[in-house]
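**Student:**
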Amino acid sequence: MTVLTISLVLVLLLVVFGLLFRLQIFTSIFSGTFTRDIGMSNSVNAILMLVFLVGGGSWFAYSFVENFSKMNPPVASVHGHQMERMFWITMAVIGVAFAITQTLLFVYSYKYQYKEGRRAYFFAHNNKIEVIWTIIPAIVMAALIFAGWKAWTRITGPAPKDSVVVEVMGKQFNWLVRYPGRDMKLGVVNYRMIDAVNEWGFDLSDKSALDDFTTSEVHVPKGVPVLIKIRSRDVLHAVYMPHFRVQMYAVPGMPTRFWFTPTVTTDEMRAKLGNPKFNYELACNQVCGGSHFAMKATVIVDEPDDYQNWYAAQQSFSQKNPEVMAALKQKAKTMVIPVAAATKEIEAAPVPLAASY
Ligand SMILES: [Cu+2]
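When you number the sequence shown by full-length UniProt numbering, it's gap-free, plus one each residue, and the end is 357.
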């Protein structure tokens with residue numbers, strides 16, 4: 001309490017001194033004895049403005065060039081090129097506007113520094129200038145937004161009918177990946193069935209779920225549209241595949257999607273970059289908890305034939321985990337599960353490259 005009282009007294013004393021000081025300035029202004037001491041500080045600040053403009057601008061230019069390849073990985077999808085074009089047009093327009101306005105800001109701060117006897121020119125209003133600096137940015141912004149809206153509508157529109165379907169589910173802290181299997185239909189998953197083995201919560205009483213298979217890597221064929229269906233099991237995540245210029249939120253309780261067509265296989269990209277260890281990545285781009293930084297999966301772009309072979313060689317979740325099936329049977333003795341019939345049908349089916357939906 002004593003400390004609080006002393007602090008309060010000190011603060012109040014400071015306020016009183018401040019007010020007295022201001023009062024003294026006011027009285028000197030009104031009595032006509034007030035003189036402002038400008039000194040060196042004004043011109044020093046004016047020069048620092050120029051130093052900041054040149055120094056800051058050079059540092060920005062250097063770091064931009066130095067990190068350009070890290071910020072801008074090579075494009076490996078069809079829509080990625082359209083997106084790049086849009087991005088760089090927008091960057092050029094706002095970059096030029098930014099450079100002009102910032103240069104003027106700092107140069108004028110220098111040029112119009114305090115000078116004895118100089119008075120500011122009073123400029124109230126000019127309709128012509130108002131119209132020019134309203135209409136031109138409005139037209140430019142409208143054009144950019146319209147072009148962006150058109151591109152975005154095209155990119156996020158419905159996936160082509162012959163798309164390959166992959167579903168990814170974000171969870172703290174990795175991506176679960178599953179494919180629809182030979183029937184090309186993703187089976188039902190139910191969060192109530194999730195456990196240590198059945199991470200997806202496959203409901204194996206659904207015929208379409210029987211041939212679904214899970215993988216740790218995402219495989220996609222080159223030149224074929226790929227539809228990524230996206231879920232989250234816990235918190236907000238985001239599917240981010242920088243080389244394909246793909247980003248979409250993974251939202252708990254609200255499936256999202258994104259489709260794209262890869263154009264460069266992993267092998268081709270390795271050769272192009274001269275890096276035999278290169279891999280495309282599917283990273284999480286939404287801070288989702290302690291190990292967010294490590295939440296990523298590898299994406300392999302195969303030639304269509306290789307993709308088909310890989311697809312055909314995969315074992316379904318139900319085949320790999322017979323105990324899940326057995327437990328389900330045990331749980332629902334009364335439930336009729338047409339396992340045998342379904343498995344036969346699946347084996348007889350060809351391995352189409354594309355999904356039927
Ligand atoms: Cu995440």
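Note that CB positions come from ideal geometry on N, CA and C, so glycine has one too.
Comparing the CB of Val251 with every heavy atom of ligand 3, is any distance shorter than 8 Å?
**Tutor:** Absence of ligand 3 from the depicted structure is noted, with ligand 1 being the only ligands included.
**Student:** Taking the DSSP output, what are the residues bridged to Asp302?
**Tutor:** Paired residues: Pro221.
**Student:** Could you have a look at Gln247 and say whether DSSP puts it in helix, strand or coil?
**Tutor:** strand
**Student:** Is Phe202 helix, strand or coil when you go by DSSP?
**Tutor:** strand
**Student:** How big is the Cα-Cα spacing for Thr90 and Thr156?
**Tutor:** Looking at the two C-alpha atoms, the distance is approximately 20 Å.
**Student:** Considering only the alpha carbon of each residue, which of Gln102, Asn190 and Lys207 lies closest to Trp200?
**Tutor:** Asn190
**Student:** Would you mind working out which of Met40, Ser77 and Met193 sits nearest Lys115, comparing C-alpha positions?
**Tutor:** Met40
**Student:** Helix, strand or coil for His125 per DSSP?
**Tutor:** coil
**Student:** To the nearest angstrom, how far is the alpha carbon of Gln247 from that of Met241?
**Tutor:** 6 Å
**Student:** What's the C-alpha gap between residue 434 and Thr263?
**Tutor:** Limits of the chain in this structure are 1 at one end and 357 at the other, which puts residue 434 out of reach.
**Student:** State the start and end residues of the unbroken beta strand (DSSP E) segment that holds Ala283.
**Tutor:** Tyr280 to Cys284
**Student:** Closer than 8 Å by C-beta to Asp302: which residues in its own chain qualify, once you throw out the five before and the five after it? Chain order, please.
**Tutor:** His219, Val220, Pro221, Lys222, Thr265, Thr266 and Trp310
**Student:** Going by the CB atoms, is the gap between Glu167 and Arg231 shorter than 9 Å?
**Tutor:** The answer is yes: Cβ separation under 9 Å.
**Student:** Which residues end up in the neighbourhood of ligand 1 when you take C-beta atoms closer than 6 Å to any of its heavy atoms?
**Tutor:** Gly170, His237, Cys284, Gln286, Cys288, His292 and Met295
**Student:** Cutting at 7 Å between CB atoms, please list the residues of its own chain near Lys296, excluding the five before and the five after it.
**Tutor:** Glu281, Leu282, Ala283 and Cys284
**Student:** Please classify Phe213: does DSSP put it in a helix, a strand, or coil?
**Tutor:** strand
**Student:** So, at 6 Å on beta carbons, what are the nonlocal neighbours of Asp211 in its own chain, with the 5 sequence-adjacent residues on each side left out?
**Tutor:** Gly181, Arg182, Asp183, Ser316 and Ile346
**Student:** What are the partner residues of Ala238, as DSSP defines its beta bridges?
**Tutor:** Beta-bridge analysis with DSSP links Ala238 to Tyr249.
**Student:** At the level of alpha carbons, what is the spacing between Lys272 and Leu48?
**Tutor:** If you take the alpha carbons of Lys272 and Leu48, they lie about 46 Å apart.
**Student:** So, helix, strand or coil for residue 359, using DSSP?
**Tutor:** No information on residue 359 is available, as it lies outside the stretch 1 to 357 that the chain covers here.
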